[in-house]
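Everything on this sheet refers to the single structure shown next.
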Amino acid sequence: MKKILLSLLGVCTALSLLAQEFEYEYEGQKIRYVVVDETAKTCGTAYGLWETDCLEPPYASPGNYVEGALILPSVVVNPQSGEEYTLVSIGENGFIGCRGLTSVMIPESVESMGYDAFAYCSSLESVSLPSTLKTVDGGAFSYCPLLSTINIPESLTVISDGLFAGSGLTSIFIPATVSEIGENAFWYCNHLTEINVSEDNTVYTSLDGVLYSKNMATLFKCPDRKSSLVVPDGVETIVSYALGGNSGITSVALSSSVKTIEEFAFERATGLTSLSFGSAEIESIGDYAFSGCTSLTSLSLPTSLTSIGRDAFSGCTSLEELTIPAAVQSIGTPILLGCKNLKSISVEEGNEAYISLDGVLYDKDVTTLLEFPRGKTDLSIPASVAEIAPYAVCGATLHESPTLSENIKIVGTEAFHYCDGFDTLTIPRYIESMGEDAFDCPDVTSVYYNMPEAKALPEEPFGRMAHYATLYTPKSVAKYLRSYFPWNSFKKILAYEFEDGVEEVCADIDTALPYEIFDVESRLVATELSALPAGIFIVRQGRVSKKILVK
1345 MKKILLSLLG VCTALSLLAQ EFEYEYEGQK IRYVVVDETA KTCGTAYGLW ETDCLEPPYA
1405 SPGNYVEGAL ILPSVVVNPQ SGEEYTLVSI GENGFIGCRG LTSVMIPESV ESMGYDAFAY
1465 CSSLESVSLP STLKTVDGGA FSYCPLLSTI NIPESLTVIS DGLFAGSGLT SIFIPATVSE
1525 IGENAFWYCN HLTEINVSED NTVYTSLDGV LYSKNMATLF KCPDRKSSLV VPDGVETIVS
1585 YALGGNSGIT SVALSSSVKT IEEFAFERAT GLTSLSFGSA EIESIGDYAF SGCTSLTSLS
1645 LPTSLTSIGR DAFSGCTSLE ELTIPAAVQS IGTPILLGCK NLKSISVEEG NEAYISLDGV
1705 LYDKDVTTLL EFPRGKTDLS IPASVAEIAP YAVCGATLHE SPTLSENIKI VGTEAFHYCD
1765 GFDTLTIPRY IESMGEDAFD CPDVTSVYYN MPEAKALPEE PFGRMAHYAT LYTPKSVAKY
1825 LRSYFPWNSF KKILAYEFED GVEEVCADID TALPYEIFDV ESRLVATELS ALPAGIFIVR
1885 QGRVSKKILV K
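With our numbering, letter number 346 in the sequence shown gets 1690, and the count goes up by one each step, no holes.
Right, dumping it as structure tokens:
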């Protein structure tokens, strides 16, 4: 009996839920609605669903797909019950990706609009917002490239994160009632020429079309169509995304009052060629602050700088050199990932935390290799180095295999990921830790296991490279490595037999006569014993051949 009652309850609940949704046609558009409050007789447009397996925008299916002009009524009727409902909300993803939608008129009853409500509507040109609108969630009008203008009603107090990101806005007016503007609100608005603010607004102001805090202490947003910017005196902080995604700006001059550049502040400002810090006493540069500024060729960092965030200059593909000021005490490495033209990293004398050797950045004690300039092709690691930091050499092209001494104990995540130009790799003899994809190098076909005993490791340092490379290992540990992670991921494991190996190369040959040195795959690799890296080799002179192990 209990099961029957539960079944009946389930059926009634399902029917009740079905009754919450209905269709109503108005001005030639049939729209699905969902009841918000049955007692108050309010409803909203149906929400769309996120598609978790979708890899391309808009990443969701709309609650309603419409084309042409959309005119929503303030009152709708459920045709099944005859009940009238007041329209108070636009659902999340409600009309996302409606590529044929050209205009929208929202009635004077709607109070809220959900996330991405009209995002990716590529033909949308005009939107009429009601004076009743109180909240609009993030991204509601993002990536609408033809939406050039919109009037923000005074009923709105918050312009949410990413609200107009990627839209075609040419100008925008911020009413007096707006007290909060979220990050990315105008990100990638490549046609935006000016942002104007009501004089009565107590939080924000505008100068020459640029958005600032009322007291002019914070720069919030520089329109993308501005080609140059002189930051006025008094500005202390440039916030996240203030010039992020700005492809039009080419020149920026900072005032002496600027102290902080927040994360992503200039991220992907691809047209920026000139950045003058002047006499600005900047103390910190945030994560990704200048990441992707592909046109910057040089930077003269201020002497007052004490902190540089992670990836602060990563992706600056035209940057040729960088000097770390003496006052810098904190660097969130990597900071220069993908800077293919960077030949050298310098550190000013007197810096107590960092040092540069041969253009490579190390900690002061030279125990950790922090950053290798990606435009450099030769890497010589000092014997004192015990750790290669995460991403330290990632993406570099090296003319020969890096020599990793037995003192190296830690190789961080992706430390040598995507490094090319060499085909052999020898694992440090006393390695203790290798991070994820630390040695996923596309050209490497031979990896030499140089450790005295079999050792399993928790991470997968070789990535896809292990699927086609060969692992060479002493016979004494080979049988164990075939079942130990990550070594068992190698396509092929070949064992060799030596008692102890050799610390120095010795061979029964006359070094006064010509000889050749081959790797284990019979490829000529050298003609001088002194030039050999660690690994297994065949020395041949005349009819005499000898296998050697260089440690």
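Backbone N, C-alpha and C fix where the C-beta goes; we use that ideal spot for every residue, glycine too.
If you're wondering where the values come from, they're calculated on a predicted model, not measured in any experiment.
Using the C-alpha atoms, what's the distance from residue j back to residue i?
i       : j       : result
Phe1608 : Ile1837 : 45 angstroms
Ile1525 : Glu1580 : 18 angstroms
Trp1896 : Ser1724 : Here the chain comprises residues numbered 1345 to 1895, so residue 1896 is not present and cannot be evaluated.
Gly1482 : Glu1744 : 50 angstroms
Tyr1706 : Gly1630 : 21 angstroms
Gly1553 : Ser1472 : 24 angstroms
Tyr1698 : Phe1862 : 40 angstroms
Lys1708 : Lys1684 : 25 angstroms
Glu1452 : Asp1381 : 18 angstroms
Ile1582 : Asp1767 : 45 angstroms
Phe1485 : Trp1394 : 17 angstroms
Ser1635 : Pro1576 : 24 angstroms
Met1900 : Cys1442 : Any answer about residue 1900 is impossible in this case: the structure gives the chain only from 1345 up to 1895.
Pro1818 : Val1737 : 28 angstroms
Asn1437 : Met1457 : 10 angstroms
Ser1523 : Ala1561 : 16 angstroms
Ser1790 : Ile1675 : 34 angstroms
Lys1558 : Gly1589 : 24 angstroms
Asn1695 : Leu1701 : 13 angstroms
Thr1521 : Ile1496 : 10 angstroms
Asp1722 : Glu1715 : 13 angstroms
Gly1435 : Tyr1459 : 8 angstroms
Leu1573 : Val1480 : 31 angstroms
Val1541 : Leu1414 : 30 angstroms
Ser1833 : Tyr1632 : 35 angstroms
Ser1511 : Tyr1487 : 5 angstroms
Gly1703 : Pro1786 : 25 angstroms
Using the beta-carbon count (16 or more within 10 Å), is residue i buried or exposed?
i       : result
Val1846 : Residue placement at Val1846 is flagged as unreliable, the pLDDT there being 40, under the threshold of 50; a coordinate-derived value is accordingly withheld.
Asp1781 : buried
Thr1677 : buried
Phe1829 : exposed
Leu1857 : exposed
Gly1886 : exposed
Ala1727 : exposed
Leu1686 : buried
Leu1563 : buried
Gly1592 : buried
Thr1383 : exposed
Ser1571 : exposed
Leu1352 : Low confidence applies to Leu1352: its pLDDT is 39, below 50, so where it sits in the model is not reliable enough to give any reading.
Pro1805 : buried
Which residues mark the beginning and the end of the alpha helix (DSSP H) in which residue i is found?
i       : result
Val1821 : Lys1819 to Leu1825
Going by beta-carbon coordinates alone, are residue i and residue j separated by less than 7 angstroms?
i       : j       : result
Thr1650 : Ala1671 : yes
Tyr1500 : Leu1468 : Contrary to the premise, residue 1500 reads as Leu rather than Tyr in this sequence. No, these two residues do not count as a Cβ contact at 7 angstroms.
Ala1656 : Cys1637 : no
Pro1717 : Ile1689 : yes
Pro1406 : Phe1439 : yes
Gly1506 : Asn1528 : yes
Ala1624 : Leu1598 : yes
Ser1658 : Gly1682 : yes
Thr1747 : Ala1730 : no
Ala1798 : Leu1769 : no
Tyr1793 : Ile1771 : yes
Thr1537 : Arg1569 : yes
Arg1376 : Glu1369 : no
Val1788 : Ala1813 : yes
Cys1566 : Leu1587 : yes
Gly1412 : Ala1404 : no
Leu1555 : Ile1539 : yes
Thr1386 : Val1432 : yes
Mind checking which residues open and close the beta strand (DSSP E) that includes residue i?
i       : result
Glu1715 : Thr1712 to Glu1715
Gly1412 : Gly1412 to Ile1415
Gln1373 : Gln1373 to Asp1381
Thr1430 : Glu1428 to Ile1434
Phe1508 : First-last for Phe1508: undefined, no H or E at that position.
Cys1387 : Thr1386 to Thr1389
Phe1366 : Glu1365 to Tyr1370
Tyr1548 : Tyr1548 to Leu1551
Val1596 : Ser1595 to Ala1597
Ser1790 : Ser1790 to Tyr1792
Ala1839 : Lys1836 to Tyr1840
- Taking 8 angstroms as the threshold, find out whether the segment 1440-1449 comes into contact with the segment 1419-1432 through three or more Cβ pairs. no
- Three or more beta-carbon pairs under 8 angstroms between the segment 1782-1802 and the segment 1756-1768, yes or no? yes
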